[in-house]
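Engineer: In the working numbering, the protein residues as written are 47 to 563. Below are the structure tokens for one structure; questions will follow.
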Ligand SMILES: C[S@@+](CC[C@H](N)C(=O)[O-])C[C@H]1O[C@@H](n2cnc3c(N)ncnc32)[C@H](O)[C@@H]1O
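Have a look at this one:
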């Protein structure tokens with residue numbers, strides 16, 4: 047029965063690449079949302095999407111959606127859900143999500159209310175409660191609140207799907223596997239002709255390319271999925287999904303070539319490729335990219351050069367030389383560069399035929415295509431040419447309540463940009479007093495959150511912060527729960543923090559006791 051509402055979350059800019067991938071997997075009636083695609087399906091589909099979708103960050107299954115008018119409603123309505131039908135009391139769980147609503151002062155507060163509702167439902171039924179574990183929970187729930195609309199889903203993936211299981215070693219600036227799979231698809235590479243990564247680092251792009259070209263499921267090495275811990279788990283359906291598709295390394299009949307100037311990185315990339323498992327489908331070699339020559343007349347080159355000087359490179363010079371290399375040695379190739387360094391990208395000196403905005407972690411990047419023809423000339427770069435194709439603008443439908451965003455960091459960036467724009471338009475005196483107000487508010491809310499029992503944020507890899515914050519007692523590096531320092535408790539600031547801490551805790555209690563309006 048295809049009656050589950052399934053939301054497949056992805057990274058900014060990869061929505062249409064994900065849709066294309068889903069169509070290839072045989073899915074229809076797809077709804078493209080911001081950083082997600084939605085479809086209807088069965089549990090078998092949920093397992094397949096987790097296992098085979100290269101451009102998915104997580105796969106959610108909706109369990110409840112409702113409207114709220116205040117904080118109290120969220121707890122009350124969440125308490126009506128029979129959480130015991132989803133998982134056993136001996137499993138650990140976490141509640142994560144994103145909130146875009148003025149009903150809540152703290153973005154994490156709704157997650158705490160839902161967590162409390164889960165715990166209380168278990169206690170009422172069994173007299174005992176399941177434990178929270180935010181770092182490696184066995185089951186995970188996703189809460190998405192937009193204004194007054196709430197959607198609660200099972201996160202069937204658990205830890206994000208870029209954790210494939212094959213990348214054991216990384217360099218200084220590894221690329222997210224989902225981004226690597228996404229840009230491979232965005233590049234239009236045909237999976238039949240030469241692919242070159244001249245600065246391969248830990249080999250992410252080349253390994254994702256080999257897995258894709260050989261139709262080996264991206265998750266072949268991953269064993270942990272939250273769906274295995276839900277009561278709905280159907281082992282037979284999971285085995286069926288795993289049995290689908292080609293899992294063996296094959297002779298591709300064309301070259302995937304990966305180079306790096308750093309011999310250590312080549313060794314790491316080779317070791318990763320052994321775990322992947324893709325046999326000898328990639329030819330790795332230690333080489334300076336700037337000395338490469340195209341091995342044939344046609345192919346695709348995807349380059350993820352260093353973005354910053356701190357890696358010990360003069361990046362602008364490096365990008366300029368890359369432009370020369372493409373023009374002189376890669377005639378007939380589609381050459382792509384992904385970078386967050388817009389100034390350095392200008393030094394390439396070639397006119398890109400495509401520019402796509404993507405994010406590598408928190409870094410806004412441009413993924414640029416340079417089609418190299420005989421007689422391609424290096425040219426002066428004009429700032430007016432520097433307009434990114436924003437894939438978001440092509441997402442016609444704005445995200446509705448049925449969707450769940452991947453991260454809220456992009457929204458945060460957007461909001462911050464809007465705020466700065468708005469600020470610029472105000473007279474200076476008004477700006478100054480607004481600044482003072484904002485600074486006070488910011489320090490108060492961050493202090494409050496930090497000092498509260500729930501305030502420690504576990505920084506999620508690749509900058510996905512706000513949707514993935516902790517609900518546990520803050521622990522120090524030794525894993526010991528930190529107690530407040532008595533000596534500092536007498537200062538007015540600490541007293542103020544304590545009052546706020548109590549307020550937050552008390553508010554939860556009040557809501558639970560139903561005393562709040
Ligand atoms: C941003 S990292 C690439 C990360 C890679 N995409 C991954 O997922 O691990 C840039 C890489 O470029 C390599 N590099 C820098 N200059 C190079 C050059 N001239 N030739 C080849 N590799 C170079 C560095 O050694 C580094 O591994």
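Virtual Cβ for every residue (Gly too), placed ideally from N, Cα, C.
Taking the straight line between their C-alpha atoms, what separation do you get for residue 66 and residue 173?
Structural biologist: As a working mapping, residue 66 is identified with position 20 in the chain shown. As a working mapping, residue 173 is identified with position 127 in the chain shown. Cα to Cα, the separation comes out at about 48 Å.
Engineer: Would the beta-carbon of residue 73 fall within 8 Å of that of residue 85?
Structural biologist: For the purposes of this step, residue 73 is identified with residue 27 of the chain shown, where counting begins at 1. For the purposes of this step, residue 85 is identified with residue 39 of the chain shown, where counting begins at 1. Their beta carbons are under 8 Å apart, which means residue 73 touches residue 85 by this criterion.
Engineer: Assuming contact is defined by CB atoms lying nearer than 8 Å, are residue 298 and residue 335 in contact in what I supplied?
Structural biologist: Along the chain shown, one-based indexing puts residue 298 at 252. Along the chain shown, one-based indexing puts residue 335 at 289. Not closer than 8 Å, so no.
Engineer: Any heavy atom of ligand 1 closer than 7 Å to the beta-carbon of residue 346?
Structural biologist: Taking the first residue of the chain shown as position 1, residue 346 is located at position 300. Every heavy atom of ligand 1 is 7 Å or more from the Cβ of residue 346, so no.
Engineer: Just how far apart, CA to CA, sit residue 99 and residue 107?
Structural biologist: Mapped onto the chain shown, residue 99 falls at position 53. Mapped onto the chain shown, residue 107 falls at position 61. Between residue 99 and residue 107, the C-alpha separation is close to 16 Å.
Engineer: Cβ of residue 345 within 8 Å of Cβ of residue 379?
Structural biologist: Position 299 of the chain shown, counting from 1, holds the residue named residue 345. Position 333 of the chain shown, counting from 1, holds the residue named residue 379. Contact: yes.
Engineer: Residue 133 by DSSP, collapsed to three states: which one?
Structural biologist: The residue given as residue 133 occupies position 87 in the chain shown. Looking at residue 133 - three-state DSSP - the assignment turns out to be coil, as it is neither helix nor strand.
Engineer: Considering only the beta carbon of each residue, do residue 400 and residue 415 sit closer than 8 Å?
Structural biologist: For the purposes of this step, residue 400 is identified with residue 354 of the chain shown, where counting begins at 1. For the purposes of this step, residue 415 is identified with residue 369 of the chain shown, where counting begins at 1. Yes, these two residues count as a Cβ contact at 8 Å.
Engineer: Considering only the alpha carbon of each residue, which of 75, 551, 94 and 81 lies closest to residue 285?
Structural biologist: For the purposes of this step, residue 285 is identified with residue 239 of the chain shown, where counting begins at 1. When only C-alpha atoms are compared, the closest one is 94.
Engineer: Would you report the Cα separation of residue 81 and residue 265, rounded to the nearest angstrom?
Structural biologist: On the chain shown, residue 81 is found 35 positions in, with the first residue counted as 1. On the chain shown, residue 265 is found 219 positions in, with the first residue counted as 1. Residue 81 and residue 265: Cα-Cα distance of roughly 20 Å.
Engineer: Is it the case that the segment 245-259 contacts the segment 214-228, given that we only count it when at least three CB pairs across the two stretches are under 8 Å?
Structural biologist: Flag = yes, the segment 214-228 and the segment 245-259 touch.
Engineer: Reducing DSSP to helix, strand and coil, say where residue 345 ends up.
Structural biologist: By 1-based counting over the chain shown, the position of residue 345 is 299. Three-state DSSP puts residue 345 in a strand.
Engineer: From the DSSP output, in three-state form, read off residue 243 for me.
Structural biologist: Start at 1 with the first residue of the chain shown, and residue 243 comes out as number 197. The answer is strand: DSSP assigns residue 243 an E or B state.
Engineer: Just to confirm, does residue 306 get its C-beta within under 7 Å of one of the non-hydrogen atoms of ligand 1?
Structural biologist: Reading the chain shown from its first residue, position 260 is the one you call residue 306. Residue 306 Cβ: within cutoff of ligand 1.
Engineer: Tell me whether residue 216, by its Cβ, gets closer than 7 Å to a heavy atom of ligand 1.
Structural biologist: Numbered from its first residue, the chain shown carries residue 216 at position 170. The answer is yes for residue 216.
Engineer: Between which two residues does the beta strand (DSSP E) carrying residue 143 extend?
Structural biologist: By 1-based counting over the chain shown, the position of residue 143 is 97. Where residue 143 is concerned, the enclosing beta strand (DSSP E) stretches over 139-146.
Engineer: Rounding to the nearest angstrom, what Cα-Cα distance links residue 71 and residue 390 in this structure?
Structural biologist: The residue given as residue 71 occupies position 25 in the chain shown. The residue given as residue 390 occupies position 344 in the chain shown. So the two alpha carbons sit approximately 38 Å from each other.
Engineer: Measure the beta-carbon distance from residue 348 to residue 243 and round it to whole angstroms, keeping in mind my assumption that it falls under 8 Å.
Structural biologist: What you label residue 348 is simply residue 302 of the chain shown in a count that begins at 1. What you label residue 243 is simply residue 197 of the chain shown in a count that begins at 1. The pair is a contact, with the Cβ atoms about 6 Å apart (cut-off 8 Å).
Engineer: Using DSSP bridges, identify the partner residues of residue 87.
Structural biologist: Indexing the chain shown from 1 puts residue 87 at position 41. 50, per the DSSP bridge assignment.
Engineer: In chain order, what residues of the same chain lie with their CB nearer than 7 Å to the CB of residue 398, ignoring the 5 residues before and after it?
Structural biologist: Along the chain shown, one-based indexing puts residue 398 at 352. For residue 398, where only same-chain residues beyond five positions count, the Cβ hits under 7 Å are 414, 415 and 416.
Engineer: Going by DSSP in three states, residue 303 sits in which element: helix, strand or coil?
Structural biologist: As a first step, residue 303 is located in the chain shown; it is residue number 257 there, counting from the start. Reduced to three states, the DSSP call for residue 303 is strand.
Engineer: Taking the CB atoms as reference points, tell me whether residue 163 and residue 131 lie closer together than 8 Å.
Structural biologist: As a first step, residue 163 must be located in the chain shown, where it is residue number 117. As a first step, residue 131 must be located in the chain shown, where it is residue number 85. Contact flag unset, no.
Engineer: Alpha carbon to alpha carbon, how far is residue 69 from residue 405?
Structural biologist: Reading the chain shown from its first residue, position 23 is the one you call residue 69. Reading the chain shown from its first residue, position 359 is the one you call residue 405. Their Cα atoms are separated by approximately 24 Å.
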